[in-house]
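Here is the structure we will look at, set down as structure tokens.
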Amino acid sequence: MIRIKQAILHIFDPGSLEPILSNNLLAIDHYDIKQYIEKKLSRIKQSDKQKECQLTDESVVYSFLKKVPENFIAQTQALSQQFYDLTAPNPDIPTADLLWIEYEEDDQLFLAMLKLNHTQQLTHFVDYAEDGIKNNLIMNQVILPSMSQTIEEGFIFNENSDNIQIIEKKHLLENEGEKVFYLSEKFLKVAPKPSMNETIRQMKKAVSQTAKKFNESEYQQLAVAKQAIFEEVTENDLLDNQKFADKVYGNNASQKAAYIEASSDNGINQDHPLPASAQLMPNRMQRQKLKLSNGIEMTVPMALFNDPEVIEIQNNPDGTLRMILKNIEEMKNIF
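Quick look at the structure:
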């Protein structure tokens, strides 16, 4: 269970040349604030886009993060100023407020930084004219993410183990002329492992490349690959690319070698399995979703897809496919 100890919000106002750094903590005993913080933390903790690594004293911000428990307000002010100095000259990086949270969970102390990207929304504005009240619409430039919206950028630092979990996006840095993961590369100065989401995406890409190279049915190879990933993560909490290749390609050495080469080119480490969590696996990985050329779409639970008593896919002589659904006792229209 999470116990929030303290939190603070530092503002990056687009109309200001400097960040507005708070000297006071948020009132975490206020129900709405507490609920907002807890929801935002759960979003980042349950994301399959998490990247992990160990933060060391080689990182410029390491000493600041380690000192946060001693002086939460001053250290988060210093870190926010560094973040502002990095991001302000780069218009591709969305303006945002920084929400800093210190919390305890399972006898461990954590520091979270959540980047609350600004969005634009219309709101009402009450003005006064000579003949009375004038209600108007204005564009508010700094609307914060709602309670249900996901967090696109941020990190959670374990003060006990120095492990850090990062969620980030690439953005264009003006002085480099290319998009980079600025949060990890420029601010934290770390090289995290790929996220589970990114690794699965690159494995899928390599499977598709291999299927096309050998003129194999792409949908069949992807279905087998999805099943193999699902089993590997749920059974072992790992994404082991070598074991995955064995499951998908079996004794077909040439296709297996081609897949390993393609996945290496896509950035997958062949020697070190990636820790993965079944709890973070998105719902789409728990079922096979098929889109047919005639417009029909089907979603089949993973456990039933390979059961010949439930579904069978046959090749017709003219090269088309025939799909047979079996033993259906009832059909409903989900209106």
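Okay, so the sequence shown: first residue is 49 according to my numbering, each after it adds one. Don't be surprised by glycine CBs; every beta carbon is placed ideally from N, CA and C. No experiment lies behind these values; they were computed from the predicted model shown.
Per DSSP, cross-strand counterpart(s) of residue i
i	result
histidine 172	Leu185
glutamate 349	Inspection of the sequence shows that residue 349 is occupied by proline rather than by glutamate. Looking at the DSSP assignment, proline 349 forms a beta bridge with Arg335.
asparagine 151	The displayed chain sequence assigns tyrosine, not asparagine, to residue 151. Paired residue(s): Ile52 and Phe158.
phenylalanine 203	Met161 and Ile214
leucine 146	His58 and Lys163
Same chain, Cβ closer than 6 Å to residue i, neighbours up to 5 away in sequence not counted
i	result
asparagine 188	Gln169 and Thr171
leucine 338	Met346
glutamate 73	It is worth fixing the name first, because residue 73 is leucine in this sequence and not glutamate. Cβ within range, chain order: Gln54 and Ile56.
proline 330	Asp96
Closest by C-alpha distance to residue i, when choosing among the options
i	options	result
proline 242	Lys227, Asp285 and Asn317	Asn317
serine 341	Asp288, Lys217 and Arg370	Arg370
leucine 69	Gln98, Ala122, Lys339 and Asp319	Ala122
methionine 350	Lys218, Asn363 and Gln336	Gln336
asparagine 284	Asp313, Gln327 and Asp319	Gln327
glutamine 54	Ile361, Met161, Lys93 and Glu106	Met161
alanine 126	Val108, Lys261 and Asp140	Val108
glutamate 264	Met333, Gly367 and Asp80	Gly367
histidine 219	Leu236, Glu201, Thr104 and Asp155	Glu201
glutamine 130	His58, Leu159, Leu287 and Lys260	His58
alanine 75	Ile52, Asp319, Lys260 and Lys93	Ile52
lysine 374	Pro365, Pro356, Lys380 and Gln362	Pro356
Opening and closing residue of the beta strand (DSSP E) in which residue i lies
i	result
asparagine 211	211-215
asparagine 363	359-363
lysine 227	226-228
glutamine 257	Glutamine 257 -> not in any beta strand (DSSP E); alpha helix (DSSP H) instead, spanning 244-261.
glutamine 102	99-102
leucine 220	219-221
Cβ shell of residue i (< 7 Å), same chain only, five flanking positions each side left out
i	result
lysine 295	Ala276
asparagine 211	Glu100 and Gln102
isoleucine 50	Glu86, Leu89, Tyr151 and Glu153
glutamate 222	Pro137 and Asn138
alanine 324	Met244, Val281, Asp285, Leu286 and Leu287
Integer-rounded CB distance, given that residue j should sit under 8 Å from residue i
i	j	result
threonine 347	alanine 306	Contact flag wrong, Cβ pair sits at about 30 Å.
threonine 143	proline 62	5 Å
valine 255	leucine 270	6 Å
lysine 227	leucine 134	That pair is no contact at about 15 Å.
Residue i, enclosing alpha helix (DSSP H) - first and last residue
i	result
glutamate 266	266-284
isoleucine 372	That residue, isoleucine 372, is in no alpha helix (DSSP H); its beta strand (DSSP E) goes 369-373.
glutamine 125	120-135
glutamine 83	79-93
leucine 113	110-115
glutamate 377	Unbroken run through glutamate 377: none, as it is neither H nor E.
aspartate 292	Position check: residue 292 holds phenylalanine in this sequence, whereas aspartate was assumed. 289-297 is the extent of the alpha helix (DSSP H) around phenylalanine 292.
lysine 304	301-313
Nonlocal neighbours in the same chain, by C-beta distance under 8 Å from residue i, ignoring five residues either side
i	result
asparagine 289	Met251, Ile308, Ser311, Ile316, Asn317, Gln318 and Pro321
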